[in-house]
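Comments concern the structure below.
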Ligand SMILES: Nc1ncnc2c1ncn2[C@@H]1O[C@H](COP(=O)(O)OP(=O)(O)O)[C@@H](O)[C@H]1O
Ligand SMILES: Nc1ncnc2c1ncn2[C@@H]1O[C@H](COP(=O)(O)OP(=O)(O)O)[C@@H](O)[C@H]1O
Ligand code: SF4
Ligand SMILES: [Mg+2]
Ligand SMILES: [Mg+2]
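Protein chains in written order, with the numbering used here: chain L, 264 to 635; chain Z, -2 to 352; chain B, 6 to 379.
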């Protein structure tokens, strides 16, 4: 039977699947509903792209994000030209304007340097694992490829935004993981057992929530010693951000778990002799999971913004580490922004990431709970 | 079956269908109403050609299992069909006074002043769950007062007196105190009374009651039914009474329309529905209720299967997959037309057994 | 409390109490008690159905759940005749013994939606009690689930579907299958048909009756619909504000009630007969709050027959003869109206019969009547 190579059985099988809506698990229905909101799907796709780019930052960026190029201070974004039939750029040179004491970078329009793919350059490690010196693009010296211009020390902003994204965009994920762990354990315990445990946890949460978020972050972050190694600092900053955010998730999970706890299926499991741990693992958490995901997705933009704000104020990540907040610090003065608007590109990255996360979270929320 | 069986003298005479006068005074006439829901999974044909009339001063009961379209019928009358539902076709003719040219409610804009006036002044509605139509932020008295001021144009003090009067009329033990209570401070029965008071504050021509006692205990239900009966007789309004409880139908209604899958399958006086039912569905419904006082234990009769899911379309007679009288080749092919029973124009049935 | 031989009794509840604390104030101190169940006594004989009726909020569900120890009783005894352990007081068992007794007492719920975990397939739902108690696994488990589905009138292939694909009546069947999984002796049915349409209600009631015969089950049947309770119960207990006010055989209780509350409940039932419309005895007011019940007989503010003594003294549930228990000071004297007796198996109203199909109209003999699901 199976050897007959027709498409009929397969299409019949497909049809049968479509007919029996009853066999579709709830999460698949949610995925289906999620797919219907175009904007959220688009947000999700953009985010995936952003993460890929950020992870491959050193490979994609043509220049070293730390390299200081005195000749290219505040170089403007390279003009891409198709004069040679192939995308290329002109070389730039920094010149000191002796009257205003500002650096201007002049473009030399005489020669076109074509943009090449997979060129050799400085060596780097992707994710600290794979060593390589191949870059996605590059141009021949003496020209330098500055997609988004350079900062006051001639460092490539494109490379810095990509590299900064590694911190800024992962802070969201790592922070939210901590939020999820703290929030779901405490929320579940509180909602399931109720009574004294619940009372204690709710008062704690109220206490934490009664602090205004920003000053609390500032206070906690300011307590971190400035000479702390970058990795440790990163960890503590996410912890600071998570410490405030878990309360919201814990509240949500508690509410949900309380509802599941009073549902009759829980009573049935208890009546059959099920232990509390078993009931939590088979009925409470799996049911709450979709809500946890939504709340987490909603919390990520907050954490990203939190890190950006702290670093911007000089309390989060500190140079030489880069994050979008650290980069935006360089664009603090109106003068700089007026003269070198490309210094604001890290801001665009923040807005894009936050927007996409919000779109994604919106779609997730609608998919999980179409009426709420 | 004979009328001689009629028991106690305390019985309220049911209005058996008198030989209808040539010019009947019809308050509401629904003609061939179709309501479809365009959902993502498919089209739900909630109402498939519903037609009925409500004579002035009478109570029409609409019965049927849940999902058969009772609520949609009432919502269509009020032009309150929720999205993605749509009235596809049909007419809803409403006559506020006898001999008046009827207005087709469906031709009015759903949010027009005219429609809103009809909703407040002429047709009122009460729901199963009173909390959905009482605002939790205002006292019961304020809500009734607002309705009175809006529709009767009296001043505040007069409105207050009238509100308290109405609350007294619906049997509230302490109307002054109830007037200053919030809905959540009242019990289920009290809330239902408050809602009836609000619905009656404008002495409507037609009252639509969508399962008003389903959420209540029998004892409270008995009180509310009695109240509605009394008020109905006093004000002379007509009632569209929606319920799935046959006991309540027998106690409350003058005429009954039995619905199944968005169609009215039988329509008759309440006496005929209980003593001379024709449609297999009506008969089976009557046979499936446990009866008080039967000495021998009789196994309940049930209707096999369940109401098909709303996305499927049943060809022929909508009841045929569950019907014991199913006639293959006919019932599953042709939709039975509406036929009168024994030449009685006030008893119609849609079943091939009688065509 | 009874003259029934104790061997015949499966469950005896003695002075059962369940009080819920009311918390108030900043520190959430206990400021009062909701006496949801306040001194309930009853017994259920093996193989019988005891109906438990009363208005909503009078403590029926709480009684059921406290008996099963889904709620911890505040006081009282629940003596259950376990097939292995013999008579045990469920209210006092430690968690190990409780786990042994639990399979013998199961529960069916009112709400066909909240009683099934929407994330689990029907198969997993029914298998859950078996898995918890390590009764079966693998193929044996799947076979048992298929059996149970068949027993309750569903098809074995339904096991792979999710609850959302089932109607209310079918969901109720799934709940029944889950309750049957462990071969219980006692099933507490907490309003199993209240949320169903009449035609489906009849299906489920018939199923419950069949299963009772087939598996020798004993039911505590909680409901607020007195016609349903009369239909299914051998004996009936009437509850009012956490207290039983009357208990007797169904026949006695419906035709010869001894408590004014029972009389009022019976009178309030809307009779499905348009030629028998009557004004019910008005039962004024509402059920009092169990947090703040009236003095004396809890029913006295609504009772037509209340005398001075009713305001002061709470009547005890006592045998007024013939296994008929009532908690009213005047149980013996009052002549209360019950449901009128009709002749043997005759109704006030003749039951209509469904006409047979008309052979001359049937066009194709071959096509069988398509019957869906149930
Ligand atoms: N918002 C909606 N979307 C889709 N279908 C709906 C919606 N509301 C009602 N329906 C469908 O309309 C039909 C009639 O519903 P309803 O009038 O509420 O029934 P009843 O009041 O008799 O229980 C049902 O089959 C239901 O599935
Ligand atoms: N967990 C609880 N906490 C506080 N009060 C409760 C709780 N459960 C039930 N009650 C109260 O106990 C009373 C009896 O409830 P219940 O047993 O559900 O009544 P029934 O099943 O007869 O409708 C009600 O007044 C209810 O408010
Ligand atoms: S038309 Fe046929 S299927 Fe429909 S009710 Fe009548 S006999 Fe039954
Ligand atoms: Mg409805
Ligand atoms: Mg209950």
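A virtual CB, placed ideally from N, CA and C, is assigned to each residue, including glycine. Since the model is a prediction, treat every value here as computed from it, not as a measurement.
Any heavy atom of ligand 5 within a distance shorter than 7 Å of the CB on residue i?
i	result
residue 414(B)	Summary: the structure shown does not reach residue 414(B), with chain B confined to residues 6 through 379, and so no result is reported for it.
residue 66(B)	yes
Under 8 Å, Cβ to Cβ, is there at least one residue of chain B near residue i?
i	result
residue 527(L)	yes
residue 327(Z)	yes
residue 535(L)	yes
residue 539(L)	no
residue 577(L)	no
residue 324(Z)	yes
residue 220(Z)	yes
residue 247(Z)	yes
residue 531(L)	yes
residue 546(L)	yes
residue 115(Z)	no
residue -1(Z)	Per-residue confidence for residue -1(Z) stands at a pLDDT of 40, beneath the threshold of 50, marking its modelled position as unreliable; the derived number appears in the next sentence. Not an interface residue.
When you compare the CB of residue i with every CB in chain L, is at least one pair closer than 8 Å?
i	result
residue 25(B)	no
residue 146(B)	no
residue 114(B)	yes
Less than 7 Å between the CB of residue i and some heavy atom of ligand 1, yes or no?
i	result
residue 451(L)	no
residue 63(Z)	yes
residue 49(Z)	no
residue 505(L)	no
residue 82(Z)	yes
residue 34(Z)	yes
residue 41(Z)	yes
residue 305(Z)	no
CB of residue i to nearest heavy atom of ligand 4: below 7 Å?
i	result
residue 207(Z)	yes
residue 68(Z)	yes
Take the Cβ of residue i as the centre, count every other Cβ of all protein chains shown within 10 Å, and call the residue buried at 16 or more, exposed below.
i	result
residue 459(L)	exposed
residue 480(L)	buried
residue 0(Z)	Low confidence applies here, because residue 0(Z) scores a pLDDT of 41, under 50, leaving its location unreliable; read the following figure in that light. Exposed: under 16 other Cβ atoms inside 10 Å.
residue 268(Z)	buried
residue 340(Z)	exposed
residue 326(B)	exposed
residue 349(L)	exposed
residue 102(Z)	buried
Which one or two residues does DSSP pair with residue i in a beta bridge?
i	result
residue 245(B)	248(B)
residue 254(Z)	59(Z) and 264(Z)
residue 35(Z)	40(Z)
residue 176(B)	Its beta-bridge partners do not exist; DSSP assigns none.
residue 37(B)	27(B)
residue 330(B)	252(B) and 324(B)
residue 52(Z)	23(Z)
residue 49(B)	16(B)
Using a Cβ cut-off of 8 Å (strictly closer), state whether residue i contacts chain Z.
i	result
residue 250(B)	no
residue 359(B)	yes
residue 282(B)	yes
residue 362(B)	yes
residue 367(B)	yes
residue 203(B)	yes
Could you check whether the Cβ of residue i sits closer than 7 Å to any heavy atom belonging to ligand 2?
i	result
residue 25(B)	yes
#### Entry: Touching by the beta-carbon criterion (3+ pairs, under 8 Å), the region 197 to 205 of chain Z and the region 115 to 134 of chain Z
yes
### Query
Three or more beta-carbon pairs under 8 Å between the region 129 to 141 of chain Z and the region 234 to 246 of chain Z, yes or no?
no
### Task
Specify whether the region 241 to 249 of chain B and the region 48 to 65 of chain B touch according to this definition: at least 3 beta carbon pairs, one from each stretch, less than 8 Å apart.
yes
### Message
Tell me whether the region 499 to 511 of chain L and the region 467 to 476 of chain L touch, counting them as touching only if at least three CB pairs, one residue from each stretch, are closer than 8 Å.
### Response
yes
#### Entry: Stretch pair the region 83 to 94 of chain B + the region 157 to 170 of chain B: three plus CB contacts closer than 8 Å
No contact exists between the region 83 to 94 of chain B and the region 157 to 170 of chain B.
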